[in-house]
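In the numbering used here, each number is its position in the sequence shown, counted from 1, plus 187. Quick notes on the structure that follows.
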Amino acid sequence: MKKMLILFVLAVMTAGPCLAQRTSIRDEVRKDRTLPLGPDKVYNFDVPALTPAPKGYEPVYISHYGRHGSRYAYSSRTYGFLHDALEEGAEKGNLTPYGISLKKQLAPFFETVSNHVGELTRKGWDQLYGIGRRMVEFFPSVFPDGAEIDACVSPSIRSVMSMTACCLAIGQSRPEVRIFEHQTWDDLRAARPNMGYKDAYTYIGAPCPTQESAESFIGRMVDWRTILGRIFIDPAAALRKYTPADALDYLYMMVAGMESLDEEIVPDVAGIFTPEEFATMWEADNYLRYREYYEYLAPCCSIFEDIIERADTHLESRQRGADLRFGHDHVLLTLLMISDIEAFGHFGARPEDVAQTFQNFRSPMGGNLQFIFYRKGVSASADGLPETLVQVLLNGEETWFSGLAPASGPYYDWTAMKSFLEKRMDLFRQR
188 MKKMLILFVL AVMTAGPCLA QRTSIRDEVR KDRTLPLGPD KVYNFDVPAL TPAPKGYEPV
248 YISHYGRHGS RYAYSSRTYG FLHDALEEGA EKGNLTPYGI SLKKQLAPFF ETVSNHVGEL
308 TRKGWDQLYG IGRRMVEFFP SVFPDGAEID ACVSPSIRSV MSMTACCLAI GQSRPEVRIF
368 EHQTWDDLRA ARPNMGYKDA YTYIGAPCPT QESAESFIGR MVDWRTILGR IFIDPAAALR
428 KYTPADALDY LYMMVAGMES LDEEIVPDVA GIFTPEEFAT MWEADNYLRY REYYEYLAPC
488 CSIFEDIIER ADTHLESRQR GADLRFGHDH VLLTLLMISD IEAFGHFGAR PEDVAQTFQN
548 FRSPMGGNLQ FIFYRKGVSA SADGLPETLV QVLLNGEETW FSGLAPASGP YYDWTAMKSF
608 LEKRMDLFRQ R
């Protein structure tokens, strides 16, 4: 136990090679209108070209974890807070001129979205369909006739529909592959283990390095009275049963979530936050999610266990195909922390440090982590590279592990990667 805690402390203290690139994260967020959307950022298909594999290597297998696509707000309170506050404000004469105008604009919007909380939107379907098409387009050798695609999913309907869209695209592109989609309690191990799945391991968890509550952090970062004061004459009265932090977070999620909806139903809500306030709200929400998701580090190790087990089985059998897992942003971001991809596993001790290495917009709607396995062929050059290389893609872009050197360019030795991932997981689990 003591040894594992020492390893954890060392991991926290050791700086990654690219941390300097993130010292201006707040400037980045203020310059790019999509970044303050956080996990409501929509998937971007316009990514840099991939680095060609070393000569003689061919893609043979894909292991994947993906978030569902764009959706309506996942909680009724995201819409309900402002709807109810506006209704009560109108009854009690507590609306500013802007509040009166906003209530009128939002009336048809609230009527439309009230029956669709948590559902996948058309944008979300198109995102996952496009991701499936790109898998086949970019890595056709993974999907020959007879290749097997196994897909499991979290029990949420938006995740199930996302899986269906992705698998439909693969099946339509390559009709001769065999696809099996399923959702069972056992699938939680690979799709959403923090939902309560228990396996043979006893997990340990180190305390979160930042001890300030999310509510406290939001409270000192954002002036809630100024923001709510644009809509309500008496901002405190508009809170009703909610804390200022909750009210602001519901407003932020509602505004950010407009990006996922069909344009014809989206009202103009630009006046709720100034651009500076919205960027600050992103940092506050980012910290809130970090504090919440940190608790999932231990159980989500089972996903990497599943990735390793299934990859070794595929490689040994020489059967081509893919294992696809579909779930949520909190799982994808937790996987980045466990594996220390892009230094996500470097946990700052102060709340102000969190945004430097943890950015929730790295799990946009449709976000995904793909491990592309390459096998050496007979034409491979005698360059000393291992039999199996792995290219890791985050949202379609090549990414890197902090603390693991690649074998060639962005390609990693699978044996070395397995060892690295096992050591990372051992920071949080006990056999």
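Virtual Cβ for every residue (Gly too), placed ideally from N, Cα, C. Only a predicted model underlies this, so the values are computations on that prediction, with no experimental measurement involved.
Item: Using a Cβ-Cβ cutoff of less than 6 Å, which residues in the same chain neighbour leucine 511 once the five nearest sequence positions on both sides are dropped?; Value: His251, Ala338
Item: What are the residues that DSSP puts in a beta bridge with lysine 563?; Value: Tyr244
Item: Tell me the DSSP secondary structure of leucine 192 in three-state form.; Value: Residue placement at leucine 192 cannot be trusted, given a pLDDT of 39 that sits under 50; the coordinates are not used to answer.
Item: Which of the three DSSP states is assigned to threonine 413 in this structure?; Value: helix
Item: From glutamine 314 to aspartate 332, what does the alpha carbon distance come to, in whole angstroms?; Value: 25 Å
Item: For arginine 258, list the residues DSSP reports as bridge partners.; Value: Leu307
Item: For the alpha helix (DSSP H) containing glutamine 543, list its first residue and its last residue.; Value: 541-544
Item: Spatial neighbours of alanine 207 within its chain, please: C-beta separation below 8 Å, excluding the five flanking residues on both sides.; Value: Note that alanine 207 scores 37 on pLDDT, short of 50, meaning its location in the model is unreliable; the coordinates nonetheless yield the value given after this. Hits under 8 Å: none found.
Item: Tell me, please, whether the stretch 541-559 touches the stretch 577-588 by the rule of three or more beta-carbon pairs shorter than 8 Å.; Value: yes
Item: Just the Cα atoms here: how many angstroms apart are methionine 586 and glutamine 546?; Value: Position check: residue 586 holds threonine in this sequence, whereas methionine was assumed. Between threonine 586 and glutamine 546, the C-alpha separation is close to 15 Å.
Item: Is the beta carbon of arginine 379 less than 8 Å from the beta carbon of serine 341?; Value: yes
Item: Buried or exposed: histidine 255, going by 16 or more other Cβ atoms within 10 Å of its Cβ?; Value: buried
Item: Give the range of the alpha helix (DSSP H) segment to which leucine 484 is assigned.; Value: Element bounds for leucine 484: n/a, residue is neither H nor E.
Item: Using the Cα positions of alanine 334 and threonine 575, report the straight-line distance between them to the nearest angstrom.; Value: 19 Å
Item: With contact counted as at least three CB pairs below 8 Å, one residue from each stretch, are the stretch 528-544 and the stretch 220-227 in contact?; Value: no
Item: Taking just the CA atoms, how far does proline 593 sit from glycine 508?; Value: 24 Å
Item: Let me make sure I understand the geometry here. Which of Cys395, Ile249, Lys310 has the alpha-carbon closest to that of isoleucine 336?; Value: Ile249
Item: How about phenylalanine 404 and tyrosine 483: do their beta carbons lie closer than 8 Å?; Value: no
Item: What three-state label does DSSP hand asparagine 473 in the structure shown?; Value: helix
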